[in-house]
């Protein structure tokens, strides 16, 4: 594995120095930059394309979570949060952080965080290899009013076309993504999602059974009880996939 490119973001110079010092001498990590605020960090991420960001939660202006919301999901590096407050832990993992380190940083705990970063990188490389080098998004940034909410692909049961939007149906809510269905279909892993109607895409492993309907159409029932129409164009393909 080539050296992981690291960006350190913290408004406290001593905190940045501590991370940089702990990474010194580790051949598989290379510090490519340091930033003291979210604005500079956003520019550095765009210019330097780091693999890993050690990111302070509380900074003047935009905080660490706000920085992540500015980044396109496909361009987000692995994140290890740094903070003096443990109350942000749940939110950090909701943001899919690799790890969460409390200040002052313990050396052994820091070493374990690096192992988690290495494991996350190996997993990402394996997924890319298995998909033929194609990287499919793991999350979508969905705007809700003035907020940006993250919708995780793993939570999506099915997707419907709603004009110029797509409705991403999860167990708890429907997220509206401003993207036409045909465009979104091209960005989804075909081993996981399948078009079943001109206005519907379904997550294959959410399908509980498939029943024949009139005119060679079919009806798919999901594990949560949702019933979706499957047009004749796609019904045979879905049957074969489910049979496998």
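Residue numbers (my numbering): 225 to 468. Beta carbons are placed, not taken as given, at the ideal position from N, Cα and C, and that holds for glycine.
Fully enclosed by the segment 240-317, which beta strand (DSSP E) runs are 3 residues long or longer?
Those beta strand (DSSP E) runs which fall completely within the segment 240-317 and span 3+ residues are 253-259, 276-280, 302-307.
Using a Cβ-Cβ cut-off of 6 Å (strictly less than) and excluding sequence neighbours within five positions of residue 257, which residues of its own chain qualify?
Contacts found: 231, 268, 272.
At the level of alpha carbons, what is the spacing between residue 349 and residue 433?
Approximately 34 Å between the Cα atoms of the pair.
In this structure, does DSSP put residue 234 in helix, strand or coil?
Three-state DSSP puts residue 234 in coil, outside helix and strand.
Would the beta-carbon of residue 259 fall within 8 Å of that of residue 265?
Closer than 8 Å, so yes.
Would you check if the distance between the CB atom of residue 448 and the CB atom of residue 388 is smaller than 8 Å?
No, these two residues do not count as a Cβ contact at 8 Å.
When you compare each of 330, 444, 454 to residue 430 by their alpha carbons, which one comes out closest?
Of the listed residues, the one whose Cα sits closest to residue 430 is 444.
Give me the residue from 365, 295, 247 with the minimum Cα distance to residue 400.
Checking every option, the nearest Cα to that of residue 400 belongs to 365.
What does the alpha-carbon distance come out to for the pair residue 404 and residue 436?
One C-alpha to the other measures close to 28 Å.
Can you check the segment 329-387 for any alpha helix (DSSP H) of at least 4 residues that lies completely inside it and give the ranges in chain order?
Counting whole runs of 4 or more residues, the segment 329-387 contains the alpha helix (DSSP H) stretches 331-354.
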